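Shown next, in C-alpha cells, is the structure this report addresses.
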Amino acid sequence: MSVATRCTKPPLAVSGYALPSEQEVLRALGQVKRRQRLSTKTVAERMGVAPSVVSRLENQRKHPTFETLQRYAAAIGCEIGLVVVQDGRTIF
Numbered sequence: 078m079s080v081a082t083r084c085t086k087p088p089l090a091v092s093g094y095a096l097p098s099e100q101e102v103l104r105a106l107g108q109v110k111r112r113q114r115l116s117t118k119t120v121a122e123r124m125g126v127a128p129s130v131v132s133r134l135e136n137q138r139k140h141p142t143f144e145t146l147q148r149y150a151a152a153i154g155c156e157i158g159l160v161v162v163q164d165g166r167t168i169f
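Heads up: take any position in the sequence shown, counting from 1, add 77, and you land on the numbering used here.
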C-alpha cells in the first residue's frame, strides 16, 4: 500500500515525491483496519498497548512516532516505509 503516491496536498516534497501527512497515513491505515473488521482491542493486543493508546492514535489526539505508525501498521497487516531517492535513483 503506497499512501505517498495518493496524497494531494503534501506538507513536504522530497526529490519530487510527495510525503503524506500524519493524518493521511492514519486515515489510510484506519480504512484498512475497518475493511478487516479489526477491533481497537485486537489492534492494541497486537501492538502490546492499552486500547486507549490505539484510540488516541486513531482519533489523532496523539502525534505518533514513525515507529508507532509502523507498529500500528504491522498490527493490521500492513507495512509503512520510506524511500530515499537521489538524482532519480532509489538509494534506500
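All C-beta atoms in this analysis are idealised placements derived from N, C-alpha and C, irrespective of residue type, glycine included. All values reported here derive from a predicted model rather than from experimental measurement.
For S116, there is no enclosing alpha helix (DSSP H), since its DSSP letter is neither H nor E. Our two residues, V160 and R148, have alpha carbons roughly 18 Å apart in a direct line. In this structure, DSSP gives R166 an extended state, which the three-state scheme calls strand.
In this structure V102 is in contact with I157, their Cβ atoms being roughly 7 Å apart against a cut-off of 8 Å. The beta carbon of Q113 sits closer than 8 Å to the beta carbons of I153, G154 from its chain, once the five residues preceding and following it are set aside; these are given in chain order. Around the C-beta of V162, fewer than 16 other C-beta atoms lie within 10 Å, and the residue is accordingly described as exposed.
Under a 10 Å Cβ-count criterion, A121 is classified as buried, with 16 or more other Cβ atoms of the shown protein chains found around its own Cβ. DSSP, read as helix, strand or coil, puts A127 in coil. For L159, the three-state secondary structure derived from DSSP is coil.
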